[in-house]
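This report refers to the structure that appears directly beneath it.
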Amino acid sequence: MKSRRVGTVLAILFVFGAIAGSFLGSNSRFEWASIAGLLMGVAFPFAVMMMRVRGRIILAAFVLEIGLLLGAGATAWPAWLSSFGEASECEILATRLERPSAKKAERWHYTLQCGDRRLDSVTLTEKETDVGDVGDRTTLVFDRYDLVAFGRPENLSTTGYWLLPLLLLVALGFVGYAATSPIVPFQPRRSAKQQSEAKPVDQ
């Protein structure tokens, strides 16, 4: 069935797109990738729906979509930076404390000189109130391929080394299961006339 083939291809595409958008979106140059990845993740259950499967499989697709987006979003960028990051010593040139409102936490912005890189008004962390004064030095990790945003050493994590392949295998396995499950026949909607004709006539 054509709709099942199309749905299968789209579901596979959306799985890879959601994972790719999770780490590319950390770079301000690729903010569109984050939005595209999110939309692909949201569209994944609808691609499964196109495969004409039972309702419980569609429900499982929505659950898998949430796990895929949360898992990839939390681990893809730190895992990539752990593998392809290079540490650089940075000097703090200027600091600025932002107080947006009483309901939001204060946030420090820094101007840094990291070798031949100059970073203006960057936020290094939301958990710490301050990482140093003017003239102090701090360490940042930069992606050698410049695909993802920089991070601090404490932001790095290797959880994605096993979690991302696991998510990918589970998602692709689920698509394979859905693609080989029995096809739910399409039930055409009957008109009011057809429904009245189908009613038994009282004797």
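Numbering (the working numbering), first residue to last: 122 to 324.
For glycine and all other residues, C-beta sits at the position ideal for the given N, C-alpha and C.
Since the structure is predicted, the reported quantities are computational estimates derived from the model, not experimental observations.
- Under a 10 Å Cβ-count criterion, VAL262 is classified as buried, with 16 or more other Cβ atoms of the shown protein chains found around its own Cβ.
- Taking every protein chain shown into account, the CB of VAL269 has 16 or more other CB atoms within 10 angstroms, so this residue is buried.
- With respect to the C-alpha of GLU227, the residue from ALA168, ARG126, ARG217 having the closest C-alpha is ARG217.
- Excluding five sequence positions before and after ASN148, the CB atoms of its chain that fall closer than 6 Å to its own CB belong to VAL269, ALA270, given in chain order.
- Residue state for THR196 is assigned as helix, using DSSP reduced to three classes.
- Under the three-state reduction of DSSP output, LEU233 falls in the strand class.
- Per DSSP, the beta bridge partners of ILE213 are LEU233.
- Looking at the backbone, the Cα of ARG265 and that of ALA197 are separated by about 16 Å.
- One Cα belongs to GLY192, the other to PRO306, and the distance between them is close to 34 Å.
- A residue is called buried when at least 16 other Cβ atoms come within 10 angstroms of its Cβ; LEU290 does not meet this threshold and is exposed.
- Taken through DSSP and simplified to helix, strand or coil, SER204 comes out as helix.
- Ranked by Cα distance from THR279, the options PHE205, LEU293, GLY297 are led by PHE205.
- Between THR129 and ALA300, the CB-CB gap stays under 7 Å.
- Approximately 6 Å separates the beta-carbon atoms of GLY158 and ALA141; this is inside 8 Å, confirming the contact.
- Going by C-alpha positions, ARG175 is about 27 Å away from PRO286.
- Selection GLU212, ASP237, TYR231, PHE137 evaluated against LEU190 yields PHE137 as nearest (Cα-Cα).
- For ARG239, there is no enclosing alpha helix (DSSP H); the enclosing beta strand (DSSP E) has its first and last residue at 238 to 243.
- Counting along the chain, the unbroken beta strand (DSSP E) around PHE263 starts and ends at 258 to 264.
- Its chain contains MET171, MET172, ARG173 as the residues whose beta carbon lies nearer than 8 Å to that of SER124, once the 5 sequence neighbours on both sides are disregarded; these appear in chain order.
- Between the beta-carbon of GLU210 and that of ARG258 there is about 6 Å, and that keeps the pair under the 8 Å contact cut.
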